[in-house]
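J.:
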Amino acid sequence: MKKNPQKKNDQGSSLKMGSGLRKEKELHRILIENINEGIWVIDKVANTSFVNACMAEMLGYTSEEMIGSPLFSFMDKKAVTIAEQMIARRQKGIKESHDFEFVKKDGKRIWTSLGASPLFDKDGNYAGAIAGVQDITQRKRMERDNLHPPRQGIS
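In the working numbering, the protein residues as written are 1433 to 1587.
See below:
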């Protein structure tokens, strides 16, 4: 009895595709966990559904501590108002970059630069947002110091 070479090739292709998919998923995991930028994902009601280690460390938490927490729990009241406006823009499909101030676990403030994009489900409904986050606190301090240099005495 002859073996069906087509069937063998189909199975081989499936194995190769499965292996390729596993490699791609592993590459994504490696990139997300090793990139020198925070990655923060929120769901449609602004609860944290994912943060990479860099993002958690930036705010002084572990990833486990942040998962499930409202985005708003990492900011002051003034920033909540701004964040709500930004989320409304994500719900309209707007991608954008902007600076944003968060409050770390120890109460210190941190300035960040966010590149935020909306996420939609297969039916086109808003499902949340993803942001790449960089700590720009040092840059903000330098800008502030350059705008307001220390006063020198008159000689």
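We put the CB at the ideal spot given by N, CA and C, even for glycine.
(1) If we count Cβ pairs, one from each stretch, closer than 8 Å, do we get three or more for the segment 1467–1478 versus the segment 1490–1506?
(2) Look up residue 1451 in the DSSP assignment and say whether it is helix, strand or coil.
(3) For the segment 1453–1508, which segments carrying the alpha helix (DSSP H) assignment without a break, of at least 4 residues, lie completely within its bounds, in sequence order?
(4) Taking the runs of the beta strand (DSSP E) that are 3 residues or longer, which of them lie wholly in the segment 1505–1578?
(5) From residue 1461 to residue 1557, what distance separates their C-alpha atoms?
(6) From 1546, 1575, 1568 and 1554, pick the residue whose C-alpha is nearest to that of residue 1562; which is it?
(7) Could you tell me if residue 1539 is buried or exposed, where buried requires 16 or more neighbouring beta carbons within 10 angstroms of its beta carbon?
(8) Would you check if there are 3 or more beta carbon pairs closer than 8 Å linking the segment 1522–1530 to the segment 1480–1499?
(9) Exposed or buried, what is residue 1544 when buried is set at 16 or more other beta-carbons lying within 10 Å of its beta-carbon?
(10) Would you tell me roughly how many angstroms separate the C-alpha atoms of residue 1536 and residue 1487, rounded to the nearest one?
(11) Quick check: what's the CA-CA separation for residue 1559 versus residue 1552?
(12) Alpha carbon to alpha carbon, how far is residue 1518 from residue 1464? Give it in angstroms, no decimals.
(13) Ignore the nearest five residues each way along the sequence and tell me which others in residue 1473's own chain have a CB closer than 7 Å to its CB.
(14) For residue 1437, does the count of other Cβ atoms within 10 angstroms reach 16, so buried, or fall short, so exposed?
T.: A quick look at the data gives this:
(1) yes
(2) helix
(3) 1485–1490 and 1495–1498
(4) 1528–1535, 1541–1552 and 1558–1567
(5) 26 Å
(6) 1546
(7) exposed
(8) no
(9) buried
(10) 11 Å
(11) 5 Å
(12) 24 Å
(13) 1481, 1482, 1560 and 1562
(14) Its pLDDT being 44, under 50, residue 1437 is placed unreliably by the model, and nothing is read from it.
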